[in-house]
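What follows is a single structure, written as structure tokens, with notes after it.
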Amino acid sequence: MNRRKFLTTTLAAGATSSTVSAAATPNAKVVRILGVSCSPRKGKTTSASLQICLDAAKAVSPAITTELIELAGRNIGVYDPTDPKAVQGGFADLIPVLSSPDVAAIVVGTPVYFGNMSSLCKAFLDHCMVFRQQSFALSGKVCGVVAVGAGRNGGQELTLQSVQAGLMGQNMIIVGDGRPTSHFGATLINTNDDISKDEFGVSTAKNLGRHVAEVVLRLA
Ligand SMILES: Cc1cc2nc3c(=O)[nH]c(=O)nc-3n(C[C@H](O)[C@H](O)[C@H](O)COP(=O)(O)O)c2cc1C
47 MNRRKFLTTT LAAGATSSTV SAAATPNAKV VRILGVSCSP RKGKTTSASL
97 QICLDAAKAV SPAITTELIE LAGRNIGVYD PTDPKAVQGG FADLIPVLSS
147 PDVAAIVVGT PVYFGNMSSL CKAFLDHCMV FRQQSFALSG KVCGVVAVGA
197 GRNGGQELTL QSVQAGLMGQ NMIIVGDGRP TSHFGATLIN TNDDISKDEF
247 GVSTAKNLGR HVAEVVLRLA
């Protein structure tokens, strides 16, 4: 059985918590999955949630490598299409990283601010206009979204859908958190700067990472 057939049959058979072994992917091409944390607070709960998601993605196959990118401190300002110099700003060095052909998926994480994404996340999505202008350089990449709020019903789901709307503009392949919940993505609650006790939220982050990885491997 070749690798594509193996992955298709194994994953289609419902291996929801499967780890695709190295033996199953002997000549697998390495694929990268990036996490982009859109929290102004570096290393806090949005980043921690994304890291859980990325670790779950990595656990699916040795063919997968992951990397967390923090936007905090990168000086990504409001996107102003009338100012060509300000268009890219601190975003400039991310352009080749995000559009690199070996990046198969991007998971965007944002804190919930007043029921929606952070202004940094919106600035990030607006700066992604450059990819549309580069013949849709993110087209075909898989994406998922993580939202972290302080409240149980703080707007996480609305936030996920808002970010997904922006990513749809990039012609990306949007996936949710997969089975067993199969909702919009990862929804976590921050309690005193800790998400680890939010058992359900952590499971959505893990399921999202696993689902993103499974879709990436199906497409590989
Ligand atoms: C300006 C602001 C607005 C916020 N609005 C909400 C909100 O509407 N719903 C919610 O659940 N949490 C809200 N929060 C709490 C953050 O979403 C939460 O603390 C989140 O974990 C922060 O992410 P971080 O740890 O990566 O900074 C808000 C926080 C700030 C600073």
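Using the working numbering, read the sequence shown as starting at 47 and increasing by one per residue. Even for Gly, the Cβ is constructed at its ideal location relative to N, Cα and C.
With a threshold of 16 other beta carbon atoms within 10 Å, Val261 meets it and is buried. The three-state secondary structure of Pro147, taken from DSSP, is coil. Of the residues assessed, Thr237 falls on the exposed side of the cut-off, its CB having fewer than 16 other CB atoms within 10 angstroms. For Thr112, the enclosing beta strand (DSSP E) begins and ends at Ile110 to Glu116. For the 8 Å CB-CB criterion, Leu96 and Ile79 do not form a contact. According to the DSSP secondary-structure assignment, Leu80 is paired through a beta bridge with Glu113 and Ile152. Residue state for Leu184 is assigned as coil, using DSSP reduced to three classes. Looking at the backbone, the Cα of Phe182 and that of Asn217 are separated by about 7 Å. The stretch 228-245 and the stretch 161-180 do not touch, with fewer than three beta-carbon pairs separated by less than 8 Å. Within the same chain, Gly135 and Gly136 come within 7 Å of Asn121 by CB-CB distance, once the 5 residues on both sides are set aside. In this structure, the alpha-carbon of Gly119 lies about 35 Å from that of Arg264. In this structure Lys75 is exposed. Its beta-carbon is surrounded by fewer than 16 other beta-carbon atoms within 10 angstroms. Of the residues assessed, Arg256 falls on the buried side of the cut-off, its CB having 16 or more other CB atoms within 10 angstroms.
Pairwise C-beta distances place the stretch 185-205 in contact with the stretch 142-161, as three or more of them are shorter than 8 Å.
Ala251 is the residue among Leu117, Ala103, Ala251 and Gln180 whose C-alpha sits nearest the C-alpha of Leu206.
The three-state reading of DSSP puts Gly255 in helix, counting H, G and I together. Ile235 has Gly195 as its beta-bridge partners, per DSSP. Shortest gap from the CB of Gly255 to any heavy atom of ligand 1: 7 Å or more.
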